[in-house]
Amino acid sequence: MADNWRIIDTGLRPAAQNIALSRALLEARRAEEIPSTLRFLRFAPSALLGPRQSAEQELDIDYCRAHDIALQRHIAGGCATYAEETQLGWELYLHRRDLGAIGVEAISRRLCHAAATAISALGVNAHYRPRDEIEVDGRRLASTDIAFDGNALLFQGTLLIDWDVEKMLRVLRMPAGRPFDTAVAMARERVTSLTALLGRQPDVALLKHYLTEAYESEFGIEFREADLTLSEHVHYQIALREIDTADWVGLVARPVSEMPVLEAAQKFAGGLLRATVTFETTTQTIRQVWFTGDLVVNPRRTVADLETALRDLPLHRLAQKVEWFLASRLVDIGALTPDDFVTVVRRAVGRPLLAQSS
């Protein structure tokens, strides 16, 4: 007989409440006060930071305040993002024994594969993209994060039912001088939504049903609907008192000068290549890079996959990572070379000599 896990839908809530509930359920699962649980949720308009990110570096704070967009900080990892009602969130609260002795990458692959199967049932061809995304034809459709607390695990997913690309770009910091229309076009090349893929609004209730079935099949269990427990309410009230404060949002505060958004372009034999880089100067780390220019590549997703592979990468590992990425898969990048990608990134961050010494 299959084990019974719990399913709960906490609906549309302000960011502080959603994040406090995430902590409450994770703490309750760690204490084995609740069974493993699938939770569905949605956010009121919010600019969300990762645990170690600074609002000053990641967000346009003035724009957020002027448009009543809440600032909050996740308890799980991940990059800064814009959340709103048109996105569906889902979370799994598990015990390590539910997953066996596997690492974080294998956990992400397993849970994302199941979600991709559910999403594909709506009529799209969704796939897991390492490390933490679900994509369709090379464009990100959903992103995920993982957090641990003792033997308990929180897996978070966010799926774009629809999305306001212009608002997202205004919430997040953009390169100085970058034309807004260009930024919008870049974003549309890399990110998509179910509505855009299907040509209509999807049935969200049906999507939740498919996600539930996919995880039931993956773990050989059955979900049963239930409410929050008394212990979860206690954990929640304690968490909310800390999280719904300016101190929590400002827990990490660093000046913009320590993480500039930099850009460079260079003409190579294979064409013009431009790199836009979010670079953390204190740790010499590439937080994010975007490539544009005369890019004729096959498969089309190659550039997006390379950008994902370079996320949170120490600069000294750039050449090694690009070489490995392009050598480890069947791709056609035309007359461009791995060195071209390395050179333009290093030019953007002002470290051209490293290309000669690596």
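Here the sequence shown stands for residues 80 to 437, where the numbers follow the working numbering. From the three backbone atoms N, C-alpha and C, an ideal C-beta is built for every residue, glycine too.
Query raised in the report: Taking buried to mean at least 16 other C-beta atoms within 10 Å of its own C-beta, is Trp-169 buried or exposed?
Result: By 1-based counting over the sequence shown, the position of residue 169 is 90. By the 10 Å Cβ count, Trp-169 comes out buried.
Report task. Tell me, please, which residues DSSP counts as bridged to Asn-377. Result -> On the sequence shown, position 298 is the one that residue 377 refers to. Answer is Asp-411, bridged to Asn-377.
Report task. Would you list, in sequence order, the uninterrupted beta strand (DSSP E) runs of no fewer than 3 residues that lie entirely inside the stretch 272 to 355? Result -> 300 to 304 and 340 to 347
Requested in this report: Mind listing, in chain order, the continuous beta strand (DSSP E) runs of no fewer than 3 residues lying wholly within the stretch 113 to 159?
Outcome: 116 to 122, 125 to 128 and 149 to 152
Query raised in the report: Does the pairing of the stretch 133 to 145 with the stretch 100 to 117 give three or more beta-carbon distances under 8 Å?
Result: no
Query raised in the report: Starting from Thr-422 and walking both ways along the alpha helix (DSSP H), at which residues does that stretch end?
Result: By 1-based counting over the sequence shown, the position of residue 422 is 343. First-last of the alpha helix (DSSP H) with Thr-422: 417 to 428.
Query raised in the report: According to the neighbour-count rule (16 or more other Cβ atoms, all chains shown, within 10 Å of its Cβ), is His-314 buried or exposed?
Result: Sequence index remark: in the sequence shown, residue 314 carries index 235 (1-based). So His-314 counts as buried.
Query - Beta-carbon contacts of Asp-419 that lie in its chain and below 6 Å, excluding the five residues immediately before and after - result: Locating residue 419 in the sequence shown gives position 340, counting from the first residue. These residues qualify, in order along the chain: Phe-347 and Leu-352.
Query raised in the report: Would the beta-carbon of Trp-242 fall within 8 Å of that of Thr-160?
Result: On the sequence shown, position 163 is the one that residue 242 refers to. On the sequence shown, position 81 is the one that residue 160 refers to. For Trp-242 and Thr-160, no; Cβs fall outside 8 Å.
**Report entry** Distance between Ala-398 and His-288 (C-alpha atoms, nearest Å)
**Finding:** Position 209 of the sequence shown holds residue 288. Position 319 of the sequence shown holds residue 398. C-alpha separation (whole angstroms): 44 Å.
**Report entry** Cβ neighbour criterion (16 or more within 10 Å) applied to Trp-403
**Finding:** Counted from its first residue, the sequence shown places residue 403 at position 324. Exposed, because fewer than 16 other Cβ atoms sit within 10 Å of the Cβ of Trp-403.
Query raised in the report: Does the distance from the CB of Arg-279 to the CB of Val-244 come in under 8 Å?
Result: Here residue 279 refers to the residue found at position 200 when the sequence shown is read from its first residue. Here residue 244 refers to the residue found at position 165 when the sequence shown is read from its first residue. Not a contact, by the Cβ cut-off of 8 Å.
Report task. Check Asn-83 in the structure and name its three-state DSSP category. Result -> Here residue 83 is taken as the residue at index 4 of the sequence shown, counted from 1. Correct three-state label for Asn-83: strand.
**Report entry** Ala-457 in three-state terms, based on DSSP
**Finding:** Not covered by the structure: residue 457. The range shown for the chain is 80 to 437.
Query raised in the report: Distance, Cα to Cα, Ala-275 vs Leu-374?
Result: In the sequence shown, the residue the question calls residue 275 occupies position 196. In the sequence shown, the residue the question calls residue 374 occupies position 295. Distance between the alpha carbons of Ala-275 and Leu-374 is about 24 Å.
Query raised in the report: Can you tell me the Cα-Cα spacing of Gly-179 and Val-215, whole angstroms?
Result: Taking the sequence shown and counting its residues from 1, the one referred to as residue 179 is at position 100. Taking the sequence shown and counting its residues from 1, the one referred to as residue 215 is at position 136. Computed Cα separation, rounded: 29 Å.
Query raised in the report: Count the other CB atoms within 10 Å of the CB of Glu-115; is the residue buried (16 or more) or exposed (fewer)?
Result: On the sequence shown, position 36 is the one that residue 115 refers to. Position check: residue 115 holds Ser in this sequence, whereas Glu was assumed. So Ser-115 ends up on the buried side.
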